[in-house]
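Residue numbers (UniProt numbering), protein chains in the order written: chain A, 1 to 299; chain B, 1 to 329.
Every residue gets a Cβ at the ideal spot worked out from N, C-alpha and C, and that includes glycine.
Keep in mind that this is a model prediction, so the values were computed, not measured.
So the structure is just underneath, and the comments pick up after that.
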Amino acid sequence: MAGSAFNSTRSEKIFDWFNYTFLTLVLIVTLYPFLNVLAISLNDSTDTVRGGIYLWPRAFTWDNYQTIFNYTGLIQGLKISILRTLVGTVLGLIAASMLAFTLSRVDFRGRKFISTFVALTMYFSGGIVPTYILMRDLHLIGTFWVYVLPGLVSGFNVFIIRSFIDGLPFALQESAKLDGANDFTIYYRVILPLCKPVLATISLFLAVGQWNSWFDTYLYNGTKQQWTTLQYELMKVLQSTQQGGNMTNANDLATQLAHVSPDSIKMAITIVVTIPILVVYPFLQRYFVGGMTLGAVKS
Amino acid sequence: MKTLTMDDNLQHESVTPKAPKRKKKTKGDFWKSVGQQKYLYFMSIPFVIWLFVFSYVPLWGWTMAFQNYKPAKSFSNQKWVGLKNFVELFQDERFYLVLRNTLAMSIMGIVVGFIVPIVFAILLNELRSMKFKRTIQTVSYLPHFVSWVVVAGIITKLLSIDGGIVNEILLSLHIIDQPIQFMAKGNWFWGIVTASDVWKETGWNAIIYLAAITGIDKEQYEAARVDGASRFRQIWNITLPGIRPTIMVLLILSIGHLTSIGFEKQMLLGNSLVTDYSEVLDLYALKYGIQINRFSYGTAIGMFNSIVSIILLFTANGLFKKFAKESIM
Numbered sequence: 001m002a003g004s005a006f007n008s009t010r011s012e013k014i015f016d017w018f019n020y021t022f023l024t025l026v027l028i029v030t031l032y033p034f035l036n037v038l039a040i041s042l043n044d045s046t047d048t049v050r051g052g053i054y055l056w057p058r059a060f061t062w063d064n065y066q067t068i069f070n071y072t073g074l075i076q077g078l079k080i081s082i083l084r085t086l087v088g089t090v091l092g093l094i095a096a097s098m099l100a101f102t103l104s105r106v107d108f109r110g111r112k113f114i115s116t117f118v119a120l121t122m123y124f125s126g127g128i129v130p131t132y133i134l135m136r137d138l139h140l141i142g143t144f145w146v147y148v149l150p151g152l153v154s155g156f157n158v159f160i161i162r163s164f165i166d167g168l169p170f171a172l173q174e175s176a177k178l179d180g181a182n183d184f185t186i187y188y189r190v191i192l193p194l195c196k197p198v199l200a201t202i203s204l205f206l207a208v209g210q211w212n213s214w215f216d217t218y219l220y221n222g223t224k225q226q227w228t229t230l231q232y233e234l235m236k237v238l239q240s241t242q243q244g245g246n247m248t249n250a251n252d253l254a255t256q257l258a259h260v261s262p263d264s265i266k267m268a269i270t271i272v273v274t275i276p277i278l279v280v281y282p283f284l285q286r287y288f289v290g291g292m293t294l295g296a297v298k299s
Numbered sequence: 001m002k003t004l005t006m007d008d009n010l011q012h013e014s015v016t017p018k019a020p021k022r023k024k025k026t027k028g029d030f031w032k033s034v035g036q037q038k039y040l041y042f043m044s045i046p047f048v049i050w051l052f053v054f055s056y057v058p059l060w061g062w063t064m065a066f067q068n069y070k071p072a073k074s075f076s077n078q079k080w081v082g083l084k085n086f087v088e089l090f091q092d093e094r095f096y097l098v099l100r101n102t103l104a105m106s107i108m109g110i111v112v113g114f115i116v117p118i119v120f121a122i123l124l125n126e127l128r129s130m131k132f133k134r135t136i137q138t139v140s141y142l143p144h145f146v147s148w149v150v151v152a153g154i155i156t157k158l159l160s161i162d163g164g165i166v167n168e169i170l171l172s173l174h175i176i177d178q179p180i181q182f183m184a185k186g187n188w189f190w191g192i193v194t195a196s197d198v199w200k201e202t203g204w205n206a207i208i209y210l211a212a213i214t215g216i217d218k219e220q221y222e223a224a225r226v227d228g229a230s231r232f233r234q235i236w237n238i239t240l241p242g243i244r245p246t247i248m249v250l251l252i253l254s255i256g257h258l259t260s261i262g263f264e265k266q267m268l269l270g271n272s273l274v275t276d277y278s279e280v281l282d283l284y285a286l287k288y289g290i291q292i293n294r295f296s297y298g299t300a301i302g303m304f305n306s307i308v309s310i311i312l313l314f315t316a317n318g319l320f321k322k323f324a325k326e327s328i329m
């Protein structure tokens with residue numbers, strides 16, 4: 001008996017040791033690529049070619065950042081990326097929260113139908129080609145709005161917000177009604193302020209989605225210089241020097257800058273694209289963990 | 001007076017929702033209640049129309065798969081060709097190659113991408129130091145928020161032959177004596193895509209399991225410890241059964257998404273040297289449908305993809321309902 005107890009503690013100690021080592025490795029594997037990219041982006045580009053840059057720049061310089069910020073295409077891309085993130089997040093938030101509010105009202109007559117109508121959109125999609133044809137027929141190709149309008153209403157976000165509202169006491173709405181408030185006032189004055197945590201989660205999802213998307217730019221606005229986004233510019237630079245890259249029209253930035261030193265430039269742009277996310281997400285962490293769990297439990 | 005009737009209505013509804021007291025209804029009553037709820041309609045109908053346009057109208061576009069669609073003509077002037085596009089698709093050798101790639105990467109993605117987060121969540125839960133646990137968790141979400149463009153760039157850099165850390169480590173450990181051209185060899189591609197996905201999404205996907213583990217009654221562990229159960233026994237007999245419903249629901253959902261694994265990673269990580277392994281159904285549809293303007297053929301490919309995933313979703317749901325008493329619908 002004593003022997004088995006001893007065995008189990010010893011094997012548990014081994015397990016603990018293994019677990020800590022393994023998870024520390026996971027930590028390193030996750031963080032190293034980012035630190036390496038940062039180090040290369042801050043290292044002199046000719047020195048980088050010699051290799052051997054890991055976590056710390058050997059010949060520190062800001063030159064790579066100066067080079068990329070002298071390129072107007074990048075500044076333009078940055079502006080459009082910020083704009084689509086702001087507009088897409090605000091409009092998406094309004095749409096999802098309004099729809100969620102109406103669907104949370106048990107007395108709303110259209111509730112059942114609209115609920116099913118919205119839920120179905122989560123399970124199918126028309127596919128790339130019909131969507132492309134629709135965008136063309138609506139004359140959205142080559143415009144800024146193709147970034148915002150198609151994905152404005154997201155069923156997933158609507159249901160996350162609705163399950164949050166369902167958890168609020170209905171008596172609040174009733175007493176507002178007694179005070180003579182109409183449904184819009186209830187939504188705006190009572191529900192929205194109480195929904196702050198879930199709205200923070202959804203804003204994070206929307207903003208990250210907008211900031212990170214590149215395929216819509218590639219598909220709809222690839223040739224419209226004034227509407228290209230930062231992710232798309234980075235994609236062009238990354239793909240242009242890749243072996244047998246699948247982008248044939250190597251863009252001016254790509255050809256110009258890639259000659260200087262592909263790696264340093266690529267890494268500097270990668271950092272510019274990634275920094276906003278790194279800055280924002282630790283602050284919103286507790287919100288998105290809550291939001292994810294809420295959505296999972298309900299669906 | 002008006003507010004009073006509204007209140008009556010509201011209270012009545014909230015006490016007994018869906019009360020069967022609606023027999024003697026007239027048209028007038030119907031319009032009156034619509035009028036009372038006009039703000040709710042104002043706040044929902046526009047978005048319903050929105051979804052109709054951007055989500056349901058593309059389904060109507062599936063009719064293109066049965067036509068020889070020409071962009072310049074109106075709908076009534078299109079030439080209907082029946083199943084010709086599908087026949088052509090099923091006779092295309094390339095289609096089977098692309099289907100193989102799609103299924104191979106999906107299955108690898110589901111198996112690995114499904115098991116790893118569960119293991120990760122359990123290991124994380126076994127940590128005793130809360131500080132270490134929180135640090136790892138925070139760091140592990142990070143890659144989820146970074147775009148595939150960035151991740152593809154990072155992966156390419158890590159695996160490159162000049163100065164890529166993976167080759168350097170393998171060389172210095174004398175596992176290989178020549179650097180491997182990972183990105184140029186087709187037989188590495190599926191593995192690279194799966195590994196990138198694990199690197200990017202494990203932390204994020206583990207959130208749900210960690211939340212489910214937190215929900216398990218702590219007394220069960222206490223009781224098990226009193227009975228002398230080891231930690232492995234506790235994991236096996238308490239933690240895993242505790243998160244079983246969550247595992248089931250997520251498994252059904254991931255099977256439903258089997259053929260819609262997306263194409264971003266394949267498009268960004270792939271190059272002309274590995275297309276025989278990297279091309280998936282969506283990219284194939286993109287190539288035919290938009291880049292060389294064979295809209296009808298491209299639609300047929302996309303339609304095949306959607307129908308297969310819907311069938312898989314229902315089959316998985318049905319099987320689990322029958323054998324495991326779990327379902328999502």
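Next on the checklist: Is the separation between the beta-carbon of A/T271 and that of A/S41 shorter than 8 Å?
Outcome noted: Note on identity: in this sequence residue 271 of chain A is Ile, with Thr being the wrong assignment. In contact: A/I271 and A/S41 (Cβ atoms closer than 8 Å).
Next on the checklist: My parser needs the alpha helix (DSSP H) runs of 4 or more residues fully inside the region 235-284 of chain B; what are they?
Outcome noted: 244-256, 264-269, 275-278
Next on the checklist: So the candidates are B/Y277, B/G270, B/Y39; which of them puts its Cα closest to the Cα of A/R109?
Outcome noted: B/Y39
Next on the checklist: On the CB-based measure, 16 or more other CB atoms within 10 Å of its CB, does B/Y96 come out buried or exposed?
Outcome noted: exposed
Item to check | Buried or exposed by the 16-neighbour rule on C-beta atoms within 10 Å, applied to A/G88 | outcome: buried
Checklist entry - Alpha carbon to alpha carbon, what distance is there between A/S240 and A/T72? => result 18 Å
Next on the checklist: Here's a check: name, in chain order, each residue in its chain whose Cβ is nearer than 7 Å to the Cβ of B/P179, leaving out the five neighbours to either side.
Outcome noted: I161, N167, L171
Checklist entry - How about B/L10: is its C-beta nearer than 8 Å to some C-beta of chain A? => result Only weak support is given to the placement of B/L10: the predicted model assigns it a pLDDT of 39, under 50, and the value that follows is read from those uncertain coordinates. With 8 Å as the cut-off, B/L10 counts as an interface residue toward chain A.
Checklist entry - Expressed to the nearest angstrom, what Euclidean distance is found between the alpha-carbon atoms of A/A182 and A/Y188? => result Reading off the sequence, residue 182 of chain A comes out as Asn, not Ala. When rounded, the distance between both Cα atoms is 10 Å.
Item to check | Closer than 8 Å to chain A by CB, B/E264 | outcome: yes
Checklist entry - Name the residues in the region 96-108 of chain A whose C-beta lies less than 9 Å from a C-beta of chain B; which are they? => result A96, M98, L99, F101, T102, L103, R105, V106, D107, F108
Item to check | Rounded separation between A/Q285 and B/T138 - CA only | outcome: 8 Å
Next on the checklist: I want to verify the contact list: residues of chain A whose CB lies under 8 Å from the CB of B/G35, in sequence order.
Outcome noted: Within 8 Å Cβ-Cβ: nothing; B/G35 doesn't reach chain A, min ~11 Å.
Next on the checklist: If we require 3 or more residues per run, which beta strand (DSSP E) segments fall completely within the region 68-145 of chain B?
Outcome noted: none
Next on the checklist: Just to confirm the assignment: which complete alpha helix (DSSP H) runs, minimum length 4, are found wholly within the region 198-238 of chain B?
Outcome noted: 218-226, 231-234
Item to check | Own chain partners of B/L127 with C-beta closer than 7 Å, once the 5 adjacent residues on each side are dropped | outcome: K133
Checklist entry - Is there a Cβ from chain A that is less than 8 Å from the Cβ of B/P143? => result yes
Checklist entry - Considering A/R162, what are the terminal residues of the alpha helix (DSSP H) in which it resides? => result 155-166
Item to check | Sequence-distant residues of its chain with Cβ nearer than 7 Å to B/V193 (five each side left out) | outcome: M105, K265, Q266, L269
Checklist entry - What residues of chain B sit near A/L83, judged by a beta carbon separation below 7 Å? => result Here the premise fails: no neighbours, minimum Cβ distance about 17 Å.
Item to check | Opposing strand residues paired with A/N43 [DSSP bridges] | outcome: A/F60
Item to check | Residues of its chain near B/I243, where Cβ-Cβ distance is below 7 Å and the 5 sequence neighbours each way are ignored | outcome: Y209, A212, I213
Next on the checklist: Quick check: what's the CA-CA separation for A/V279 versus A/T229?
Outcome noted: 20 Å
Item to check | Per-residue burial, B/V119 [other beta carbons within 10 Å of its own, 16 or more giving buried] | outcome: exposed
Checklist entry - Taking 8 Å as the CB-CB limit, is B/L159 close to chain A? => result no
Next on the checklist: So, at 8 Å on beta carbons, what are the nonlocal neighbours of A/L55 in its own chain, with the 5 sequence-adjacent residues on each side left out?
Outcome noted: Y32, L35, N36, A39
Checklist entry - Does the Cβ-Cβ distance between B/D282 and B/N305 come in under 8 Å? => result yes
Next on the checklist: Quick check: what's the CA-CA separation for B/S196 versus B/K157?
Outcome noted: 13 Å
Next on the checklist: Is it the case that the region 69-86 of chain A contacts the region 113-124 of chain A, given that we only count it when at least three CB pairs across the two stretches are under 8 Å?
Outcome noted: no
Checklist entry - Do B/P58 and A/P130 come within 8 Å of each other at the CB atom, strictly closer than that value? => result yes
Next on the checklist: Can you tell me whether B/S296 is buried or exposed? The criterion is at least 16 other CB atoms within 10 Å of its CB, across all chains shown.
Outcome noted: buried
Checklist entry - Measuring CB to CB, does A/Q210 end up less than 8 Å from B/S147? => result no
Next on the checklist: Our contact map puts A/Y147 next to A/D216 with C-beta atoms below 8 Å; I'd like the distance itself, whole angstroms only.
Outcome noted: 6 Å
Next on the checklist: Could you tell me the alpha carbon to alpha carbon distance between A/S45 and B/P46, rounded to whole angstroms?
Outcome noted: 53 Å
Next on the checklist: Between the alpha carbons of A/F170 and A/I191, how many angstroms are there, rounded?
Outcome noted: 10 Å
Checklist entry - In chain order, what residues of the same chain have a beta carbon less than 7 Å from the beta carbon of B/K84, not counting five sequence neighbours either side? => result none
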